[in-house]
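Here's the structure we're looking at; comments come further down.
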Amino acid sequence: MSGKAANNAKTWFTPFNVVSGAIIIIGLVITILRFTRGLGAVTNLSDDNPWGIWIGFDLLVGVALAAGGYVTSAAVYIFGMKKYHSAVRPAVLTGFLGYALVVVALNYDVGRPWRLPYPFIYQGTTSFLFEVAACVALYLTVLFLEFLPAPLEWLGLKKARELAVKLTLVLTVLGVVISTLHQSSLGAIFLIAPSKLHPLWYSPYLPTFFFISSIIAGLSMVIFESTLSHHYFADKMDEVHLSENEGVTLGFAKAASLVLAGYFMIKVMGIAEGNNWHLLGTSYGLWFLVELIGFVALPSFFFAVGVRNKDLTLIKWTAAWTVLGIVINRLNICLIAFNWQLPSSQRYFPNWMEIAISVFVVTVGIVVFRFIVTRMPVFYEHPEYKDTH
């Protein structure tokens, strides 16, 4: 084997490629089973539990964690915080991939996936699900157009790129409006199930809770994604992206601390509104306090301490902890505290193949993200377009 061939073989058989390749192969096999033998062959779903981890994690968590796109774009283009400009493209790319994979995951969960376009064809425009479907479809398109300047720069299509850049502000405003609608509407869906969702999580404020927590998710996810990117893709970054990392981290951490504090207060208001204080002593109540104190109050405090002391390590770990808290919150509402009155024998627990598909979807997102950022101007300013974004 020649030296060049040996180097190519070594490049292909990296730990990342081997692990991600194995996950993708397993995912493809289960995908074939899902679409040839039906939901029953690969899931533990039932009439009592018609949705599971593919909705709780792949959809609700995925949409929340993809909020970094609209949060960062709004900060830079609407509120004029140009010092965070370097974070826009990575955040928009993460958001676009997140929403795209949500749509992919929906095809697994829906019994008849070819009917996904039906809300746009048949009557039903008064449904929350129609509003969510319409907004997700529109926002996915908006994110694609927002990210479009990067691939156009890569392809050298200057005139098309200039047109895409001119649409930036309009797309940002549209993205914020659409995100506000569907992030809150995902919470509003659960308003129709007061008897199924545990009283500590059920609240007329659910739409507000979902929207505010999506802002928290977006801010934390930008810090989390930036941390990983600066570790694994530092060689792809120019001096601007490397030097602005600290400012982005501190600024977003400060905002996250304030939003978490406000979120904590309205969550307490939700308990008071339902007069559910007595439920805090139950097993579900203790788990609710773990979520509220451990994943809302504490991150708010640690973000504030990190900003005050300029402790980037504390901020980065807190961001990861907060992302985990968003995951727990969405799973609590959709799965853990849902159908809480059913006997344990009838409660839902995911089949290992459901978990494997969720891991498969996330892995595909990481692989695609890696492919794009190693080729397109995401972490650096294209030399022909500097200062023209």
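My numbering puts the sequence shown at residues 403 to 791. Idealized CB from N, CA, C, for every residue including glycine. Since this is a predicted model, take the numbers as computed values, not measurements.
Asked                                                                                                                                                                             : Found
State the DSSP-derived secondary structure class of PHE773, mapped to helix, strand or coil.                                                                                      : helix
So, is MET671 buried or exposed, given that buried needs 16 or more other C-beta atoms within 10 angstroms?                                                                       : exposed
Mind checking which residues open and close the alpha helix (DSSP H) that includes PHE546?                                                                                        : 530–549
At the level of alpha carbons, what is the spacing between GLY653 and ARG517?                                                                                                     : 43 Å
Report the option in LEU688, LEU608, GLY649 whose CA atom is closest to the CA atom of ASP483.                                                                                    : In the sequence as displayed, the identity of residue 483 is Met instead of Asp. Of the candidates LEU688, LEU608, GLY649, the one whose C-alpha sits nearest the C-alpha of MET483 is GLY649.
For LEU559, which of helix, strand or coil comes out of DSSP?                                                                                                                     : coil
What residues are listed by DSSP as bridge partners for PHE740?                                                                                                                   : LEU599
DSSP three-state label for GLU783, please.                                                                                                                                        : coil
Does the stretch 738–753 come into contact with the stretch 691–710, if we say contact requires no fewer than three beta-carbon pairs (one atom in each stretch) closer than 8 Å? : no
Mind checking MET667: buried by the 16 CB within 10 Å criterion, or exposed?                                                                                                      : exposed
Determine the closest residue to PHE613 out of ALA566, TRP689, GLY589, LEU660, with distance taken between C-alpha atoms.                                                         : GLY589
Indicate the three-state DSSP secondary structure (helix, strand or coil) for PRO701 in the structure shown.                                                                      : helix
Would GLU675 be called buried (16 or more neighbouring beta carbons within 10 Å of its own) or exposed?                                                                           : exposed
How is MET403 classed by DSSP in three states: helix, strand or coil?                                                                                                             : Low confidence applies here, because MET403 scores a pLDDT of 49, under 50, leaving its location unreliable and the question unanswered by this model.
Who are the near neighbours of LEU700 in its chain, counting only those whose CB is closer than 7 Å to its CB and skipping five residues on each side?                            : none
Is it true that the CB of LEU441 sits closer than 8 Å to the CB of LEU435?                                                                                                        : no
So, PHE704 versus THR720, is the Cβ gap smaller than 8 Å?                                                                                                                         : yes
Consult DSSP for ALA619 and reduce its assignment to one of helix, strand or coil.                                                                                                : helix
Span of the alpha helix (DSSP H) holding PHE481?                                                                                                                                  : Counting along the chain, PHE481 falls outside any alpha helix (DSSP H), and DSSP gives it neither H nor E.
Using a Cβ distance threshold of 8 Å, determine whether the stretch 555–570 contacts the stretch 580–598, with at least three qualifying pairs required.                          : no
State whether the stretch 724–735 contacts the stretch 600–620, with contact taken as three or more CB pairs (one from each stretch) at a distance under 8 Å.                     : yes
Could you give the distance in angstroms between the alpha-carbon of THR609 and the alpha-carbon of LEU583?                                                                       : As written in the sequence, residue 609 is Pro, which differs from the Thr given in the question. When rounded, the distance between both Cα atoms is 9 Å.
By a C-beta neighbour count over all protein chains shown, 10 Å radius and 16 as the cutoff for buried, is SER659 buried or exposed?                                              : buried
Measuring straight from C-alpha to C-alpha, what distance separates VAL512 and VAL707?                                                                                            : 44 Å
For ILE552, does the count of other Cβ atoms within 10 angstroms reach 16, so buried, or fall short, so exposed?                                                                  : The sequence shown places Ala at residue 552, not Ile. Counting Cβ neighbours within 10 Å, ALA552 comes out buried, since at least 16 surround it.
Here's the rule: buried if 16 or more other CB atoms are within 10 angstroms of the residue's CB, otherwise exposed. What is LEU495?                                              : buried
Helix, strand or coil for VAL512, going by three-state DSSP, please let me know.                                                                                                  : coil
Mapping the DSSP letters down to three states, classify TYR686 as helix, strand or coil.                                                                                          : helix
Quick one: measure Cβ to Cβ for LYS656 and VAL709, integer angstroms, because I've assumed they're closer than 8 Å.                                                               : 5 Å
Using 10 angstroms around the beta-carbon of MET403, count the other beta-carbons present and answer buried if the total reaches 16, otherwise exposed.                           : Since pLDDT at MET403 reaches only 49, below the 50 mark, its modelled position is unreliable, and the value read off the structure follows with that caveat. By the 10 Å Cβ count, MET403 comes out exposed.
Cβ of VAL478 within 8 Å of Cβ of HIS487?                                                                                                                                          : yes
Does the beta-carbon distance from ILE480 to SER760 come in below 8 Å?                                                                                                            : no
Considering only C-alpha positions, which residue in the set GLN743, ALA722, PHE418 is nearest to LEU599?                                                                         : GLN743
Identify whether VAL444 lies in helix, strand or coil by the three-state DSSP scheme.                                                                                             : coil
For the alpha helix (DSSP H) that SER645 lies in, which residues bound it at each end?                                                                                            : 641–676
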